[in-house]
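Per the numbering used here, the sequence shown starts with residue 18, numbered consecutively.
Yeah, the Cβ is synthetic: ideal placement off N, Cα and C, and Gly gets one too.
Note that the structure is predicted; figures quoted are calculated from it, not measured.
Report on one structure; see the data block that follows.
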Amino acid sequence: MKITDVALFRAPIAFAGTTYKLSGGRSYEALDSTLVRLETDAGITGWGEICPWGRDYLPEFAEGARAALTVMAEGLKGLDPCNPAAVNAAMDRLLMGHPYAKAAVDVACWDIFGKAAGQPVHALLGGRQAERIPMLSSLYNGTPDDMLARVEASRAEGVRSFSAKASGDPAADIEVFRAIAEARRPDETFIVDANGGWSVPAALQVLGAVDGRGLMFEQPCATLSECLGVKERMVSPFVLDESAITAEDLTQILRLGAADALHFKISRVGGITRARMFRDFCAVGGLSSFWEASGGSAVADAAAAHVAISAPAGAPHKFWSCQEYAAAAFASGGPTYEDGMMSLPDAPGLGVEVSESELEQIL
Ligand SMILES: [Mg+2]
Numbered sequence: 018m019k020i021t022d023v024a025l026f027r028a029p030i031a032f033a034g035t036t037y038k039l040s041g042g043r044s045y046e047a048l049d050s051t052l053v054r055l056e057t058d059a060g061i062t063g064w065g066e067i068c069p070w071g072r073d074y075l076p077e078f079a080e081g082a083r084a085a086l087t088v089m090a091e092g093l094k095g096l097d098p099c100n101p102a103a104v105n106a107a108m109d110r111l112l113m114g115h116p117y118a119k120a121a122v123d124v125a126c127w128d129i130f131g132k133a134a135g136q137p138v139h140a141l142l143g144g145r146q147a148e149r150i151p152m153l154s155s156l157y158n159g160t161p162d163d164m165l166a167r168v169e170a171s172r173a174e175g176v177r178s179f180s181a182k183a184s185g186d187p188a189a190d191i192e193v194f195r196a197i198a199e200a201r202r203p204d205e206t207f208i209v210d211a212n213g214g215w216s217v218p219a220a221l222q223v224l225g226a227v228d229g230r231g232l233m234f235e236q237p238c239a240t241l242s243e244c245l246g247v248k249e250r251m252v253s254p255f256v257l258d259e260s261a262i263t264a265e266d267l268t269q270i271l272r273l274g275a276a277d278a279l280h281f282k283i284s285r286v287g288g289i290t291r292a293r294m295f296r297d298f299c300a301v302g303g304l305s306s307f308w309e310a311s312g313g314s315a316v317a318d319a320a321a322a323h324v325a326i327s328a329p330a331g332a333p334h335k336f337w338s339c340q341e342y343a344a345a346a347f348a349s350g351g352p353t354y355e356d357g358m359m360s361l362p363d364a365p366g367l368g369v370e371v372s373e374s375e376l377e378q379i380l
């Protein structure tokens, strides 16, 4: 099979009035998504998506994704989408770096591969290892009362795991996380996530105030070495997120014992092909893994869900839906959410439908 055409579409995704706040004054009211449609000489179409979380969260941005995809588009024609490893190697020859942009093409290839095989993508990744995965709710930063009110609303929907975001201000953060430690029920997981927004002294101050109280700590500082310095002085389970991008990062993390769990965004690591390596790395290292798309519609959500549902059982895994704050109307299918759990139907490929007429075609 050969790729015969590459089309790009731009799709804004608004948060319907919610302002999502992260440490360091970062806030988000909408995302800018890009969809890739690959067509083939077999008449099978595949979809992929890259939707960065703004421009100041990870080294990825929507305009950069579209520029990288435009540069690579012509060189993708003639490649076999049922050989995603070869497509990834070809993309690396066409353009160095920019794994987030390449993720959209990689995901579209897996969609085609699954449709051609008549199998869901997770079957091609080794097979389903769980019927359902507990959902993780993402609690953007706010006052203690505001954050706990949102916890209560999610509890009513069966959610038992939460990623609570820091403000970056140590005094305010101590107040928030003390209140959260107090409110946590024994069967609940609460992750204190600073998204790299604290200095080492600030992290030691805040995390020291709630260490050993049943919370998990995630990416307190920007770099791996800063995070390691903090981890060494804490007893609570430690998660890395933004510091794990490349295979070299993974070997460092394992060698240094820098994490007890890793949090992955499929696009950050370069798509499903490379996420599979992260998935298996966690199994080898005995780490828990938390899965998600950085943002986007059912297309990006499904890509993350197929990798998560095929993760070897054992360590507890969690899944955040990138559609928690905005369900984009132009795509449907993929994972479903009920009673605080994510389920994934067995439709071929990603199992999603895209309504092209609602998208703005740019290539
Ligand atoms: Mg995180």
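Listed in chain order, the non-local C-beta contacts of residue 237 below 7 Å within the same chain comprise 211, 215, 220, 224, 244, 247, local neighbours out to five positions each way being set aside. C-alpha of residue 137 to C-alpha of residue 350: approximately 12 Å in a straight line. The C-beta distance from residue 152 to residue 357 rounds to 5 Å, short enough to meet the 8 Å contact threshold. Residue 275 sits in coil when the DSSP states are folded into three classes, being neither helix nor strand.
Taking one beta carbon from each stretch, the segment 260–280 and the segment 85–104 have fewer than 3 pairs nearer than 8 Å; the two do not touch.
Here residue 345 really is in contact with residue 28; their C-beta atoms are around 7 Å apart, less than 8 Å.
When the five nearest sequence neighbours on each side are left out, the beta carbons in the same chain lying within less than 7 Å of the beta carbon of residue 117 are those of 67, 69, 77, 82, 284, 285, in order along the chain. For the pair of segments examined, the segment 327–335 was found not to touch the segment 362–373: the number of CB pairs separated by less than 8 Å stays below three. Ligand 1 never approaches residue 323 closely enough for any of its heavy atoms to be under 8 Å from the residue's Cβ. In this structure the segment 311–318 does not touch the segment 256–271; the number of beta carbon pairs closer than 8 Å is below three. Between residue 35 and the set 340, 147, 249, 98, the nearest pair of CA atoms involves 340.
Residue 54 is bridged by DSSP to 24, 64.
The closest heavy atom of ligand 1 lies less than 8 Å from the beta carbon of residue 180. The beta carbon of residue 102 is closer than 8 Å to those of 290 in its chain, skipping five residues each way along the sequence. For residue 139, the enclosing alpha helix (DSSP H) has its first and last residue at 138–141. Taking the Cβ of residue 340 as the reference point, every heavy atom of ligand 1 lies at 8 Å or farther away. For residue 359, the enclosing beta strand (DSSP E) starts and ends at 358–360.
When the beta-carbon positions are compared, residue 55 and residue 88 stay at least 9 Å from each other. The straight-line gap separating the alpha-carbon atoms of residue 202 and residue 229 is approximately 15 Å. Collapsing the DSSP output to three states places residue 45 in a strand.
Within the segment 136–222, the alpha helix (DSSP H) runs of at least 4 residues that lie entirely inside it are, in chain order, 138–141, 161–173, 187–200. Taking 9 Å as the cut-off, the beta carbon of residue 294 is found closer than this to the beta carbon of residue 267.
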